[in-house]
Amino acid sequence: RLATVERLLADAAAPLTDLSPDVVRARATVRELALGIHPAALAAGDLAGAIRSLVARSPITVDASIAGPVAVPSTLAVAAYFTCAEALTNVVKYAGVTAAAIRVTVDADTLLLSVVDDGRGGADPAAGTGLRGLADRAEALAGSLPIDSPPGGGTTITLRLPLAEPTPPADPPPHPDQVRAALSAVP
Numbered sequence: 009r010l011a012t013v014e015r016l017l018a019d020a021a022a023p024l025t026d027l028s029p030d031v032v033r034a035r036a037t038v039r040e041l042a043l044g045i046h047p048a049a050l051a052a053g054d055l056a057g058a059i060r061s062l063v064a065r066s067p068i069t070v071d072a073s074i075a076g077p078v079a080v081p082s083t084l085a086v087a088a089y090f091t092c093a094e095a096l097t098n099v100v101k102y103a104g105v106t107a108a109a110i111r112v113t114v115d116a117d118t119l120l121l122s123v124v125d126d127g128r129g130g131a132d133p134a135a136g137t138g139l140r141g142l143a144d145r146a147e148a149l150a151g152s153l154p155i156d157s158p159p160g161g162g163t164t165i166t167l168r169l170p171l172a173e174p175t176p177p178a179d180p181p182p183h184p185d186q187v188r189a190a191l192s193a194v195p
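First residue of the sequence shown? That's 9 in my numbering, and the numbers climb one at a time after it.
Set out below in structure tokens:
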């Protein structure tokens, strides 16, 4: 009987081993949802770690290259994270590929994030709300989100965000009539 029990346990262990990575990913996802959608790494200011968590949970192979420390203001980190998440979701749903690449660099004045695949291409921001929403978010942060996606030629989504806060426009100088009126009011 002991041999039968050992065989049954061995047979049961194989599916559990295969299930284990999925359980770990699901646990990480539930934890992030409990923390308010942001992954724990992003909440701690770690954009690189947050992107690595996306890569670890992705159902496709993702090559992530994150150059140097990625210390950026939290508003930029959140925008970069959600851009990356949406772009990877689109790759999985629409590109028809099994691999993608993410590149993140930060220089003295710019955060640059690219998500690239060699799939179907043809991504059109006007055709849905996802890409348009990402572009709107980039523009609200004085950045840009160019999308290169020729049909049949893959897609490259590049987020460019300035690290410095945009300088508000200076007040225009007063009109000469306003100056004259102010001067004539002085006794």
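Backbone N, C-alpha and C fix where the C-beta goes; we use that ideal spot for every residue, glycine too.
Among the residues of its own chain, which have a CB less than 7 Å from the CB of residue i, if the five just before and after it don't count?
i, result
"residue 168", "118, 120, 151 and 152"
"residue 78", "55, 56, 112 and 114"
"residue 172", "117"
"residue 80", "55, 114, 119 and 171"
Note down, in chain order, each residue of its chain lying with its Cβ closer than 6 Å to the Cβ of residue i, except the 5 sequence neighbours on either side.
i, result
"residue 138", "94"
"residue 63", "70 and 72"
"residue 188", "none"
"residue 165", "95, 123 and 155"
Taking residue i and residue j to be in contact with their CB atoms under 8 Å, please state how far apart those CB atoms are, rounded to whole angstroms.
i, j, result
"residue 86", "residue 125", "With a Cβ gap of about 23 Å, residue 86 and residue 125 do not count as contacting."
"residue 49", "residue 66", "Not confirmed; about 15 Å, so no contact."
"residue 89", "residue 52", "Not a contact, Cβ separation roughly 12 Å."
Under 8 Å, do residue i and residue j count as touching if we go by C-beta distance?
i, j, result
"residue 142", "residue 91", "yes"
Could you pull out every residue in the same chain whose Cβ sits closer than 8 Å to the Cβ of residue i, ignoring the five residues on either side in sequence?
i, result
"residue 184", "none"
"residue 12", "none"
"residue 76", "113 and 114"
Pairs of beta-carbons, one from the segment 154–166 and one from the segment 123–141, closer than 8 Å: are there three or more? yes
At least 3 beta-carbon pairs within less than 8 Å: the segment 104–111 vs the segment 61–78: yes
Completely contained beta strand (DSSP E) runs for the segment 86–126, where each covers 3 or more residues: 107–114 and 118–125
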